[in-house]
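Chains as they are written, first to last, in the UniProt record's numbering: chain A, 1 to 275; chain B, 1 to 275; chain C, 1 to 275; chain D, 1 to 275; chain E, 1 to 275; chain F, 1 to 275.
Quick reminder that beta carbons are idealized off the backbone N, C-alpha and C, glycines included.
Just below is one structure, and these are the notes that go with it.
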């Protein structure tokens, strides 16, 4: 099967990172393609940036859905811990779409009762809690700790970011007595096993968790329900700068959406689209 | 004081309608300006459209915040029942920002214990419930009824939309035994008093409710907290189509945001910007 | 419009204080009248005192409702943080009735996600939490701090009460990472702006918040629903000491209640009933 | 031991009824005394009446607490389904105080997972739900049905009230699939076994349940905690009509409260104060 | 009446202890019989041991239900704080069955609003919280403290276990500001009054609480509902080692269950089965 | 990898069925072994039977854990919708253990917001709801419908069970407006795709869902946390009939558990243990 992992920001190094993390859990026969939008912020650390990341995510889904069946993804991962645009992406995509916060929290509750999240900036803590509530894990999510690290600092050579994340994970596990720790930023994906080994409790990377989940959904032949809120959106023009996002009625069967134009920009699959 | 009511869709008749509804509750000395984005969908009836409406809302806030103090709004109303972009708008605006779903639910719980929402399309019901939960009104919101009316149908001459809304409000009040009914679409704003008189329980229009609330917040000299998640977003470039939304560090004090360019389009205040 | 603010205790200085706080947010055309009961405890710091304050509140509502239309209040504020007698007052009053705990919590959630309450005595903390739950703000109310200050000490010349309140507000904001602080006692009303300026997060005074809210409800022509639990109470004799509280069927339309006797005592509007 | 059952209204027939129901579950050695206030409404069917019933309940507790130890009750039952004045009574009484809604809900959850309440008037339904939430039984309480019967009608010779209650209990059990039915009015106490036999699920009368519970608490030597909100209320004058309710500091140990005057009226034990 | 207290582990000293604790709250006319299973672990400190304790509990219920009416228990107490097998026991027993965690939490909420639990091992804390949620006391249960004491250590001569429990109870009461403390292990039963006297808040022993509760239920003639999930289990063979637990259809009326064989072992009533 | 699917009842046809369902979602390289206990009830339809099924489940886990590494399962699925013994099994197993109710609910919330469960007997409905609450899906689980079909009837040739399940799934989807339907019994596993195609919403079989989930967890190298409640249970003798379940301290590292005896019976892998 073919899984498309969408990095919602426009930083190529992050796209490569989430691609690697996803491929590490790909089963034989699964191809992982990591892409990033042609538009949007370099990283997502505020509600404002999250809102601006969403059109780019939708662009990537629309572009992929317009591919011929043989090249079309079976499922999508949205690889930013705020799970931006998840509901909208579900309306567009034929296959299942899973966010990495969602996936990480699901996985954490399967290996223990309570987990803590370790995230980047303090200001993103309330969003993490809101998502925990949205997904049913308000009680399971015992605490959210912030490292006070900007997302892009995680990857800067010479930064002490890795040590900082490790220390916060250890603190979260100890102080809260949780069963597991969730890494609250896609940029921490490659720390997962290292931190887990160091602190002695399961540590969950949402990119791997989401990639594992969508493979499982495809294996079950399950996809987003079309019965209610996730039915294909109405076809309707969109004005101004966002005009390329207008949807036209598909020539064929309902649900077969494609953007009016080929989309505002070409998708940007990362160099090694392989499982 | 100066209240800017943002209609998140690009349909002028809706902008005029929400402007009238807001002005009806303006206190002496309050000026209401109703505007609409230069970009985005003609109406908001899906997660996809909601996501695409957000940049236009943020554009309108950024444009208004860039005005000289004398012309700058003291507060904002986001006039779509899904409360799109509310958190992001709060990061940008100096004054308070209130959504109409939020406001209507607050008002309804002040005149009774339980309320029902009557909304447009069935597919928007889960979003209405999600908002009720987000605002603390999961228990107070006894039911959400859908009229199965597209938003723009509400305003079409000769349509039976008004009767349909009235019937659903009556049904909701009777079948659920609620104390109040909330109109779940900005397009229903002008039905508020008529329906209330007909069904004998308070009927709440979110546009009026939000306008009343923000006036009260300004009178209390209260605005969005800058202490945590709603601090001004980081200044950071935005790529591609959305580049005009990049923020640059303000020359003066922090929090004094202005978009890099004058913004992707001029604001569109409706003709009679008056209290 | 005419707003009657009822101080539920019998301490005149408190009545004057809440009157000033309410008037500070009155819009042009609004008249604020601050009154106190002829009966009841000097301050409310226990469940016992709260119970004993309620008849006096109801007396004041009944007296005001018996006034000729031109002098009758359009709405009421109950100015004690326990919101005593709120449901009963809603049954008696034609116009909306809002409590100050209720109002402050509503306002706090409009300027941030989570708030802390700073109240007087430790023993009142559970009541504050119970109200937060009642109003839907169990999650939004992150903490309740007690200053361990008796209510009347707040106003005693030479007391260090103001410093104590300020310190607790600062502590609450810092330790809990909340977006806003709610003053949990009507006696703290005049500290609102001073404390807010000192601690850098919005500080909400319930008297101002409630006065703002009821003005907004009146502007929306909304009042307490008569459809269910808040319908006018049955007319029925009351025995013994409380006999004056017996209700007789109104000569005219239902809902037009007036006590059997002119009421157990004359209302006590404070000297400057002006907006 | 000595249990005082307080009927919060001033209708003697109700006092006798709750006395009988309590005595039916008295263990050997337990004396039940059923009393009623000297003041207050003839029945409690609204928030207003509930508020007016509270002073009379507190009067009865204060009078009993002022008795010499040999005659003093070991525990109290407040026999109105709204549990009026419960928190305040707990501050006054040395022994435990239990309300009949509280007790009935506790008992119902011990004989099944979910219960329905069958109450008198529709307008009291929200109060019943609020109490269920307050006591932790929001989920266990599957439904509240109203018979639309005034309280005093239950006892009127020739009324069809008993049949109506039975029919509603049967409906509640069948339609909701609950494990048990709670009688939501003290006036239904004597229907308990008859209805239970007729509908085939456990039916709980709160008066019996509360009497059973307080006997158990006394046997365990448990009484209301004095550590926090239920400590003895401050001694403080009370003004006007309610002056007799002022508390003075006890000569002896703290917690030994007695009203300033002998109280506004003599207690009214029902004729057969016997277990 | 006749109350059978089942100690779910196979340690005789614990059986004797819970028997004493139960008898201390027996009313005149109540006989308490404390028994233990013929099979299962010596103490219950893990999910694994809890699971293995359940067959022995069910054996004891089945044996007792097979007794002639005159010797048959009127009610049961399951005396392990994890409340193992409670739902299954309810299906088997004619009379009510109450667990000690359940009972202690019910009692604690009748003498205060919030309680803390002091339990044995840290690993049992999540189970205690899960039970609090199951019974509706998620909010009332403010904290669970572990003494890190194995259950059987509580009874070892010369151990400092009693001091450790006392210290943790004091800490729990102070740090959490709770109204009451619940002893989270049957092995702590005899510390109840001593600890309560020392720390000044009510301390609840679940064995006494459950014994008090079931006596009250019997007095009310209430037993487990047979209408739904607690109906008698289907008669069906059981394979292998557990074959003696197979149920056969009763000769007489439904609900009159008895195991196929006399049960896998004889019940073990403790020496002094007396009220 | 090697996945062991444990059918908790002793009916071979069910073991074969769950094996087939699991293998249908096995990725290349995954071997599925379906086994059943040597002891326990023929089907699980009551709390009593669920309790009696648990020892057999634990026996199967212990036997598998005692295998040499090359033959030892990487993960387990407990294939009964009540998720019996899940917590205890997690304490015993090195790899992750997932229950089918848990898994089905997780999967359902990834393809829609709200789901309904269609289960076998009415009496199992409350258990299904309890599990939904335990896993965080109390709100997502909109309804539980019972077909009133005994588990073993599902497989009986000539029965109308399949039609009955289909009709209830259709009813659940339509009446509740849910996004997905969860099959609430392992015995319905093979109806999944057929029913889904018929009713037009995603239908989730827990056996497939759990098999997919554990494969994903193994791919992520995640297993049950050993940090708290799921640490290996204490080594301790077990008395009587269950003596074979006693645990002895492992010779090597902690966590390396093995039962005292080789276990009460040999595992019973179904004939085609292949992915």
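Query: Mind listing, in chain order, the continuous alpha helix (DSSP H) runs of no fewer than 4 residues lying wholly within the region 69-93 of chain D?; Result: 86-92
Query: Excluding five sequence neighbours on each side, which residues of the same chain lie with their C-beta closer than 6 Å to the C-beta of residue 112/D?; Result: 179, 180
Query: Just to confirm the assignment, what range does the alpha helix (DSSP H) spanning residue 192/A have?; Result: 192-199
Query: Is there contact between the region 114-121 of chain E and the region 83-98 of chain E, where contact requires at least three CB pairs shorter than 8 Å?; Result: no
Query: Excluding the five sequence neighbours on either side, which residues of its own chain have a C-beta within less than 8 Å of the C-beta of residue 166/F, listed in chain order?; Result: 191, 194, 195, 198, 199
Query: With a CB to CB cut of under 6 Å and the five nearest residues on each side skipped, what residues in its chain are close to residue 173/B?; Result: 181, 199, 201
Query: Taking all protein chains shown into account, do 16 or more other C-beta atoms lie within 10 angstroms of the C-beta of residue 221/C, making it buried, or fewer, making it exposed?; Result: exposed
Query: Using C-beta distances below 6 Å, list every residue in its chain close to residue 184/F, excluding the 5 sequence neighbours before and after it, in chain order.; Result: 81, 117, 118, 119, 128
Query: Step through the CB atoms of chain F and report whether any lies within less than 7 Å of the CB of residue 113/D.; Result: yes
Query: In this structure, what does DSSP give as the bridge partners for residue 48/C?; Result: For residue 48/C, which the question treats as bridged, DSSP gives no partner whatsoever.
Query: Residues in its own chain within less than 7 Å of residue 13/A by CB, not counting five upstream and five downstream?; Result: 155
Query: Given a cut-off of 7 Å on the beta-carbon distance, is the pair residue 246/E and residue 39/F in contact?; Result: no
Query: Could you compute how far the alpha carbon of residue 68/A sits from the alpha carbon of residue 30/A?; Result: 18 Å
Query: Output yes if chain E places a C-beta closer than 7 Å to the C-beta of residue 144/D; else output no.; Result: no
Query: Buried or exposed: residue 248/B, going by 16 or more other Cβ atoms within 10 Å of its Cβ?; Result: exposed
Query: With burial defined as no fewer than 16 other Cβ atoms inside 10 Å of the residue's Cβ, what is the status of residue 70/A: buried or exposed?; Result: exposed
Query: Roughly how many whole angstroms lie between the Cα atoms of residue 279/F and residue 211/F?; Result: This structure cannot speak to residue 279/F, because chain F is shown only from 1 to 275.
Query: Specify, as a first and last residue, the run of the beta strand (DSSP E) that residue 147/F falls within.; Result: Residue 147/F -> no beta strand (DSSP E), and no H or E assigned at all.
Query: Could you tell me whether any Cβ in chain A is nearer than 7 Å to the Cβ of residue 10/B?; Result: yes
Query: With H, G and I counted as helix, E and B as strand and the rest as coil, what does DSSP make of residue 2/C?; Result: strand
Query: DSSP on residue 97/E, reduced to helix/strand/coil?; Result: strand
Query: Can the beta-carbon of residue 51/F be found closer than 7 Å to that of residue 61/E?; Result: no
Query: Could you tell me whether the Cβ of residue 30/B comes closer than 7 Å to any Cβ of chain A?; Result: no
Query: Since residue 77/E and residue 100/E are thought to touch, with beta carbons under 8 Å apart, how far apart are those beta carbons, to the nearest angstrom?; Result: 7 Å
Query: Given residue 42/D, which residues of its chain have a CB within under 8 Å of its CB, disregarding the five upstream and five downstream residues?; Result: 9, 10, 11, 152
Query: So what does residue 41/E bridge to, in DSSP terms?; Result: 238/F
Query: Closest Cβ-Cβ distance between residue 157/E and chain A: below 7 Å?; Result: no
Query: Using a C-beta to C-beta distance shorter than 8 Å, which residues of chain B count as neighbours of residue 223/A?; Result: Chain B residues near residue 223/A: none, gap ~16 Å exceeds 8 Å.
Query: Mind listing the chain F neighbours of residue 190/A? Cutoff is C-beta to C-beta under 9 Å, in chain order.; Result: Here the premise fails: no neighbours, minimum Cβ distance about 13 Å.
Query: Compare the C-beta of residue 76/C against all C-beta atoms of chain D and say whether one is closer than 7 Å.; Result: no
Query: When the Cα of residue 235/F is compared with those of 168/E, 225/E, 150/E, 157/E, which residue comes out closest?; Result: 150/E
Query: Identify whether residue 247/F lies in helix, strand or coil by the three-state DSSP scheme.; Result: strand
Query: Anyone know if the C-beta pair for residue 32/F and residue 26/F falls short of 7 Å?; Result: yes
Query: Mind checking if residue 41/E is an interface residue toward chain F, Cβ cutoff 7 Å exclusive?; Result: yes
Query: Just to confirm my understanding: we take residue 282/D, look at its own chain, exclude 5 residues before and 5 after, and list those with CB closer than 6 Å. What are they?; Result: The structure shown has nothing for residue 282/D, since chain D only spans 1 to 275.
Query: According to a CB-to-CB cut-off of less than 8 Å, which residues of the region 45-66 of chain E neighbour chain F?; Result: 45, 46, 47, 48, 49, 50, 51, 52, 54, 55, 56, 58
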